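Written out below as structure tokens is the structure these notes cover.
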Amino acid sequence: MKHYKLIIVENDDDERFFMREEFEAFGAFEILGDFINGDTLLEYLEANPSAKPDIILSDLNMPGKNGYDIISSIKLNPRYALTRVVITSTSSVISVREKCLAMGASDYLIKPEIFVDYGAYVREFYQKMQEPG
Numbered sequence: 005m006k007h008y009k010l011i012i013v014e015n016d017d018d019e020r021f022f023m024r025e026e027f028e029a030f031g032a033f034e035i036l037g038d039f040i041n042g043d044t045l046l047e048y049l050e051a052n053p054s055a056k057p058d059i060i061l062s063d064l065n066m067p068g069k070n071g072y073d074i075i076s077s078i079k080l081n082p083r084y085a086l087t088r089v090v091i092t093s094t095s096s097v098i099s100v101r102e103k104c105l106a107m108g109a110s111d112y113l114i115k116p117e118i119f120v121d122y123g124a125y126v127r128e129f130y131q132k133m134q135e136p137g
């Protein structure tokens, strides 16, 4: 099983807790950190230049720097330009997904409707990360 270094960016405390719990239980992800928005993520990356996540999983809509800001910041930074950014949201609006992908996101996944469904979400996430990106 391939392992990935993952950072989670999610402003909802409960959602972040359940995401982290399911990613850790799956066994293929090393969680480098979880952050409440893009501001705290970018501060962490700046302060920890040796942090090399394979994937950043970010909520789209957050106070402060949001998912769009994260895509832009990561893709413009030569140190992280090859890091996969996956956006997650409750929105299934096609134009939102297309905008994220056009900006450089590796994928766009719809969040489960209830927290207990994160097991299936993590399995789908892992399978998508196996695809050439």
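Using the working numbering, the first residue of the sequence shown is number 5, and each one after it goes up by one.
Ideal placement from N, C-alpha and C gives every residue a C-beta, glycine not left out.
Remember, it's a predicted structure, so these values are computed and weren't measured experimentally.
Among residues of its own chain, excluding the 5 on either side of residue i, which ones have a beta-carbon nearer than 8 angstroms to its beta-carbon?
i, result
"MET107", "TYR72, ILE75, SER76 and LYS79"
Taking the Cβ atom as the reference point for each residue, do residue i and residue j lie within a distance shorter than 7 angstroms?
i, j, result
"PHE22", "TYR122", "yes"
"VAL13", "SER62", "yes"
"ASN41", "MET66", "yes"
"VAL97", "PHE27", "no"
"ASP43", "ARG24", "no"
"ILE11", "PRO57", "yes"
"ALA55", "LEU36", "yes"
Going straight from the alpha carbon of residue i to that of residue j, what length do you get?
i, j, result
"PHE129", "ARG20", "15 angstroms"
"GLY68", "PRO116", "23 angstroms"
What three-state label does DSSP hand residue i in the structure shown?
i, result
"TYR122", "helix"
Here's a check: name, in chain order, each residue in its chain whose Cβ is nearer than 7 angstroms to the Cβ of residue i, leaving out the five neighbours to either side.
i, result
"ASN70", "GLY42 and LEU64"
"LYS132", "ASP111"
Inset, instruction - Taking only runs that begin and end inside the stretch 43 to 70, name each unbroken alpha helix (DSSP H) of 4 or more residues, in chain order. - result: The stretch 43 to 70 contains no whole alpha helix (DSSP H) run of 4 or more residues.
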